[in-house]
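K.L.:
Here it is: the structure, laid out below.
2 protein chains.
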Amino acid sequence: MRVLKGCAAKDGFYLPAEFERQAGCIMIFPERADSWQYGAVKARQAFAAVASEISKCESVTVLASAAQYKNARRIMPPSVRVVEMSTDDAWARDISPEFLTDGKGTLRGASFGFNAWGGLYDGLYFPWDKDDAASEKLCDLFNVDMYDCHDFILEGGSISCNGKGTLLTTEECLLSKGRNPSLTKQQIEQKLCDFLGVKKVIWLKHGLIGDETNGHVDNICVFCAEDEVILSWDENENSEQHAICRECSDILENSTTADGRPIKVHKIPMPSPVFMTEEECAGLDYFNGAPTRTADIPLSASYVNLFIANDRVVMPFFGGENAEADLHAKEILQKIFPDRKVTGIYARDILIGGGNIHCITHQIPE
Amino acid sequence: MRVLKGCAAKDGFYLPAEFERQAGCIMIFPERADSWQYGAVKARQAFAAVASEISKCESVTVLASAAQYKNARRIMPPSVRVVEMSTDDAWARDISPEFLTDGKGTLRGASFGFNAWGGLYDGLYFPWDKDDAASEKLCDLFNVDMYDCHDFILEGGSISCNGKGTLLTTEECLLSKGRNPSLTKQQIEQKLCDFLGVKKVIWLKHGLIGDETNGHVDNICVFCAEDEVILSWDENENSEQHAICRECSDILENSTTADGRPIKVHKIPMPSPVFMTEEECAGLDYFNGAPTRTADIPLSASYVNLFIANDRVVMPFFGGENAEADLHAKEILQKIFPDRKVTGIYARDILIGGGNIHCITHQIPE
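Going down the list, the protein sequences come from chains B and R.
If you use our numbering, the first sequence closes out at 366, no skipped numbers anywhere.
If you use our numbering, the second sequence closes out at 1366, no skipped numbers anywhere.
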């Protein structure tokens, strides 16, 4: 692997869309006792179900710590590859490199800085050195040369790309004080263009309320086609979240793609608020002497937080009082993705760890 | 990766020869402070030189601990892949799986137990759990199904195979009390046949004097063609080592391959005894409170401890008073391998760690 310092855009490399053809998917075996309740047992089963489903149409590599390798190997299905790699938690979306293509069959990785969603300002854990090192190791593992973009903090969940030069993100996240506080909005936009080979950035204002990532776009709105997005939609017109969703839809309806096309917005109703139980909270280690979660704060559940695989879409189901909403969301997604089989995976045990299916996966383009 | 319990031989899988076409090579970044003097700095340079040479004709994967990954990445040439994996030392030959082929393009790994060359009886370090776990991880990493042969202790350096059913080993090693003491010679032979798909085992008596591995065959005698071996040869007719070499040559001249062919023996003169200096010994951490090495005991230097790559042979040079012997050995090897370029790498800094180029490499057949 070569470590490159240049500008990906100038070299003709760019970020493809997630709905384009993929070579595989990266995941991480959950282990952290202050993120995953009761020894991560149920979370691991949910991760295995996601990995199993994706592995039906593309290769899946699951990273596991040295201590957990043998355990992970036996819990994960044989169709999945388990590779030892040390990380600080299990968020492959955010700590993997962005895999860029030159459109002619060569991939390169863009390896950004990672500081646990806000560093010492409002990050979620410390230290985060293993997570920060993972993107370089992943470029090496997958034999792609790496652009070293470590002086810029960026997580995969904070961007969504249409593969034709248009990138979607939120101001709440990318302009947050814990990421790149010395850069202006304009400078950040330039970095995205240089490092990811995009030509236009569409800035939404906010993500979901209660999202611990400072409003990652992948929990509220993602590209599902070159000129189409799926937007998580709060149908309660009196809610604060509804106002945010409305603002997103206004921005999108007044935006065009880099090549001038209007953007079609598919609204997908949000599930009812999901709360952790007291028992679930009690299953978590304290973090730095404080409880990790309390049962009174709703988790930022969203159907948009899904993984698009080659011939299928893997979406979260929340069950319980959301059982009907789950099926309704699946119907909508099946219409949006007519050529892919949409599968729901019961993902409560991923959600209560702090994210969902999109957060725990990262695609590798073909 | 599937974990298989069956018999490789019955499934039609067998161990190919090292001189057959390879897909790549595994190595490990040296780190252990009681094996590698003065922070392993010189050893790492020697390992990098070996990796660089092999990577000219096949892919090389170097395993490095989490702590050393970034360092290894920068010391190793860009042509080499560096992958995080925890091990107890740097002996890829002995802790890797044996990669078997069905002759039709499918590989499987045979994963044996590893106990640091003798376990609690006369092993070289404790614990060895990371080394023991590596062969499974390597099968997973390289996407090959694995035969679980962990109840049998076997190191790659203790066998040499002609790819046509004949395996060479030493009684000193395979019948040692620290390996599989509950098995008879006949039972061990059967295990080798079952697990490695060989039909005949040729038993040499001893390996090199002073070899810490209980006389690994790869330091004294290895196959270089289906019916040819290279034998390390002590020309001092009064020496104990000469008697051992003579015994090997007698056994080989009275043996045939599994398919009945006589075996041609190429003798290659041993280098003069190589000793560590006091200064080198002082550069090692103590092991369990005792000095790791002393300057009065000769190291088991041998030109046979080489790596056969696709279009080259990488052999150790010892320099100093062996400068001429190095060139003479290279000439002999170049005649034995007329279609490969023989390259000498200054390998004193590998030797004083306890092995040589064959010990730190492990081929993956094509």
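In this text, a Cβ means the ideal position worked out from N, Cα and C, and glycines have one as well.
#1: Over the uninterrupted beta strand (DSSP E) stretch that includes B/Tyr147, give me the two end residues.
#2: Report the start-end ranges of each alpha helix (DSSP H) in the segment 1208-1290 of chain R that is 4 residues or longer and not cut off at the edges.
#3: Express the C-alpha separation of R/Lys1191 and R/Leu1183 in angstroms, rounding to a whole number.
#4: Is any beta-carbon of chain B found at less than 7 Å from that of R/Glu1366?
#5: Assuming the contact rule is C-beta atoms closer than 8 Å, B/Gln241 and B/Leu196 should be a hit. Round their C-beta distance to whole Å, please.
#6: May I have the straight-line CA-CA distance separating R/Ala997 from R/Val1003, to the nearest angstrom?
#7: For R/Asn1143, which residues in chain B fall below 7 Å Cβ to Cβ?
#8: Let's test the definition: count the other Cβ atoms within 10 Å of the Cβ of R/Ala1325 and tell me whether it reaches 16, buried, or not, exposed.
#9: Taking B/Glu189 as the reference, give the member of B/Leu167, B/His206, B/Val229 and B/Glu172 with the closest Cα.
#10: Who are the neighbours of R/Asp1140 on chain B, taking C-beta pairs under 9 Å?
#11: Against B/Ala116, what residues of chain R qualify as contacts under a CB-to-CB distance less than 9 Å, listed in chain order?
#12: Quick check on B/Phe195: does DSSP put it in helix, strand or coil?
#13: Return helix, strand or coil for B/Lys5, following the three-state DSSP convention.
#14: Label R/Leu1239 either buried or exposed according to how many other C-beta atoms from any shown protein chain fall within 10 Å of its C-beta, with 16 as the threshold for buried.
#15: Which word fits B/Phe29, buried or exposed, when buried means at least 16 other C-beta atoms lie within 10 angstroms of its C-beta?
#16: Just checking my contact of R/Ala1051 with R/Met1085 at CB under 8 Å: how many whole Å lie between their CB atoms?
#17: Using a Cβ cut-off of 7 Å, pull out every chain B residue sitting near R/Lys1137, in sequence order please.
#18: Where in the segment 36-116 of chain B do unbroken runs of the beta strand (DSSP E), each at least 3 residues long, occur, reported from the N-terminal end onward?
#19: Would R/Ala1347 and R/Ala1090 qualify as a contact pair, given that the criterion is a beta-carbon distance under 7 Å?
#20: Considering only DSSP beta bridges, list what R/Cys1161 is partnered with.
#21: By the three-class DSSP mapping on this structure, what secondary structure does B/Cys384 have?
#22: Could you check whether the segment 1010-1027 of chain R touches the segment 1297-1315 of chain R, counting it as contact only if at least three pairs of C-beta atoms, one from each stretch, sit closer than 8 Å?
#23: Who does R/Tyr1346 pair with in a DSSP beta bridge?
#24: Give every residue of the same chain whose Cβ lies closer than 6 Å to the Cβ of B/Val144, excluding the five residues on either side of it in the sequence, and list them in chain order.
#25: I'd like to know if the segment 228-235 of chain B and the segment 263-274 of chain B are in contact, where contact means that at least 3 CB-CB pairs between them fall below 8 Å.
#26: Which same chain residues end up closer than 6 Å to B/Asp88 when comparing Cβ atoms and leaving out the 5 residues on each side of it in sequence?
#27: Select from R/Met1076, R/Gly1118, R/Val1062 and R/Leu1124 the residue whose C-alpha is nearest the C-alpha of R/Gly1354.
#28: Can you name, in chain order, every residue of its own chain whose Cβ lies under 8 Å from the Cβ of B/Lys200, other than the five neighbours on each side?
#29: Going by beta carbon distance, what residues of the same chain come within less than 8 Å of R/Leu1141, once the five residues before and after it are set aside?
#30: Assuming R/Ile1360 and R/Phe1099 form a contact by the criterion Cβ under 8 Å, report the distance between their Cβ atoms to the nearest whole angstrom.
#31: With distances taken between CB atoms, is the gap from B/Glu172 to B/Gly119 smaller than 7 Å?
#32: Indicate whether at least one CB of chain B lies closer than 7 Å to the CB of R/Arg1179.
#33: With 16 other CB atoms within 10 Å as the buried threshold, where does B/Tyr286 fall?
#34: Return no unless some Cβ of chain R is closer than 7 Å to the Cβ of B/Ala51.
#35: Let me see if you follow: with CB-CB separation under 7 Å, is B/Pro97 close to chain R or not?
#36: Once DSSP output is grouped into helix, strand and coil, what is the label at R/Leu1204?
P.N.:
Well, looking at it:
#1: Within the first sequence, the letter at position 147 stands for residue 147 of chain B. Its beta strand (DSSP E) spans residues Asp145 to Ile153.
#2: 1240-1253 and 1278-1282
#3: The residue given as residue 1183 of chain R occupies position 183 in the second sequence. The residue given as residue 1191 of chain R occupies position 191 in the second sequence. Straight-line Cα distance between these residues: approximately 10 Å.
#4: Reading the second sequence from its first residue, position 366 is the one you call residue 1366 of chain R. Output row for R/Glu1366: interface = no.
#5: Looking up residue 241 of chain B in the first sequence gives position 241. Looking up residue 196 of chain B in the first sequence gives position 196. 29 Å between Cβ atoms; not a contact.
#6: With chain R covering 1001 to 1366 only, the question about residue 997 of chain R has no answer from this structure.
#7: Residue mapping note: residue 1143 of chain R aligns to position 143 of the second sequence, counting from 1. The contacting residues are Arg81.
#8: Against the second sequence, residue 1325 of chain R aligns to sequence position 325. The residue in question, R/Ala1325, is buried, as its Cβ has 16 or more Cβ neighbours within 10 Å.
#9: The residue labelled residue 189 of chain B in the question sits at position 189 within the first sequence. For the residues B/Leu167, B/His206, B/Val229 and B/Glu172, the minimum Cα distance to B/Glu189 belongs to B/Leu167.
#10: Your numbering for residue 1140 of chain R matches position 140 in the second sequence. Simply Tyr69, Arg73, Arg81, Val82, Val83 and Glu84.
#11: The count along the first sequence starts at 1 and reaches residue 116 of chain B at position 116. The contacting residues do not exist; B/Ala116 stays about 18 Å from chain R at best.
#12: Along the first sequence, read from residue 1 onward, the residue named residue 195 of chain B stands at position 195. In this structure, B/Phe195 counts as helix in the three-state DSSP scheme.
#13: The sequence position of residue 5 of chain B within the first sequence is 5, counting from 1. Here B/Lys5 sits in coil by DSSP.
#14: Within the second sequence, numbered from 1, the residue matching residue 1239 of chain R stands at position 239. In the sequence on display, residue 1239 of chain R carries Ser and not Leu. R/Ser1239 should be labelled exposed.
#15: Within the first sequence, numbered from 1, the residue matching residue 29 of chain B stands at position 29. Buried: at least 16 other Cβ atoms inside 10 Å.
#16: Your numbering for residue 1051 of chain R matches position 51 in the second sequence. Your numbering for residue 1085 of chain R matches position 85 in the second sequence. Contact doesn't hold; Cβ gap of about 15 Å is too wide.
#17: The sequence position of residue 1137 of chain R within the second sequence is 137, counting from 1. Residues of chain B whose Cβ lies closer than 7 Å to the Cβ of R/Lys1137 are, in chain order, Tyr69 and Glu84.
#18: 59-64, 81-84, 98-101 and 107-113
#19: Sequence index remark: in the second sequence, residue 1347 of chain R carries index 347 (1-based). Sequence index remark: in the second sequence, residue 1090 of chain R carries index 90 (1-based). Contact flag unset, no.
#20: Along the second sequence, read from residue 1 onward, the residue named residue 1161 of chain R stands at position 161. Answer is R/Leu1167, bridged to R/Cys1161.
#21: Past the boundaries of the shown model lies residue 384 of chain B; chain B is included only from 1 to 366, so the question cannot be answered.
#22: Flag = yes, the segment 1010-1027 of chain R and the segment 1297-1315 of chain R touch.
#23: In the second sequence, the residue the question calls residue 1346 of chain R occupies position 346. R/Tyr1346 is bridged to R/Phe1317.
#24: Within the first sequence, numbered from 1, the residue matching residue 144 of chain B stands at position 144. Sequence-distant Cβ neighbours of B/Val144 in its own chain, meaning closer than 6 Å and more than five residues away, are Leu107, Arg108 and Gly109.
#25: yes
#26: Stepping through the first sequence from its first residue, residue 88 of chain B is reached at position 88. Answer for B/Asp88: Trp128, Lys130 and Asp131, listed in chain order.
#27: Residue mapping note: residue 1354 of chain R aligns to position 354 of the second sequence, counting from 1. Nearest of R/Met1076, R/Gly1118, R/Val1062 and R/Leu1124 to R/Gly1354, Cα basis: R/Leu1124.
#28: Here residue 200 of chain B refers to the residue found at position 200 of the first sequence. Cβ neighbours of B/Lys200 beyond the five flanking positions: Gly165, Thr166, Leu167, Thr257 and Ala258.
#29: The residue labelled residue 1141 of chain R in the question sits at position 141 within the second sequence. If we look at R/Leu1141 and ignore the five residues flanking it on each side, its Cβ neighbours are Thr1061, Val1083 and Met1085.
#30: Within the second sequence, residue 1360 of chain R is the residue found at index 360, counting from 1. Within the second sequence, residue 1099 of chain R is the residue found at index 99, counting from 1. Rounded, the Cβ-Cβ distance is 17 Å, inconsistent with contact.
#31: Here residue 172 of chain B corresponds to residue number 172 of the first sequence, with the count starting at 1. Here residue 119 of chain B corresponds to residue number 119 of the first sequence, with the count starting at 1. No; because the gap between Cβ atoms is not below 7 Å, this pair is not in contact.
#32: Your numbering for residue 1179 of chain R matches position 179 in the second sequence. Not one chain B Cβ lies under 7 Å of R/Arg1179.
#33: Here the question's residue 286 of chain B lines up with position 286 in the first sequence. Exposed is the call here.
#34: In the first sequence, the residue the question calls residue 51 of chain B occupies position 51. Output row for B/Ala51: interface = no.
#35: Residue mapping note: residue 97 of chain B aligns to position 97 of the first sequence, counting from 1. With 7 Å as the cut-off, B/Pro97 does not count as an interface residue toward chain R.
#36: On the second sequence, residue 1204 of chain R is found 204 positions in, with the first residue counted as 1. In the structure shown, R/Leu1204 sits in a strand (DSSP, three-state: E or B).
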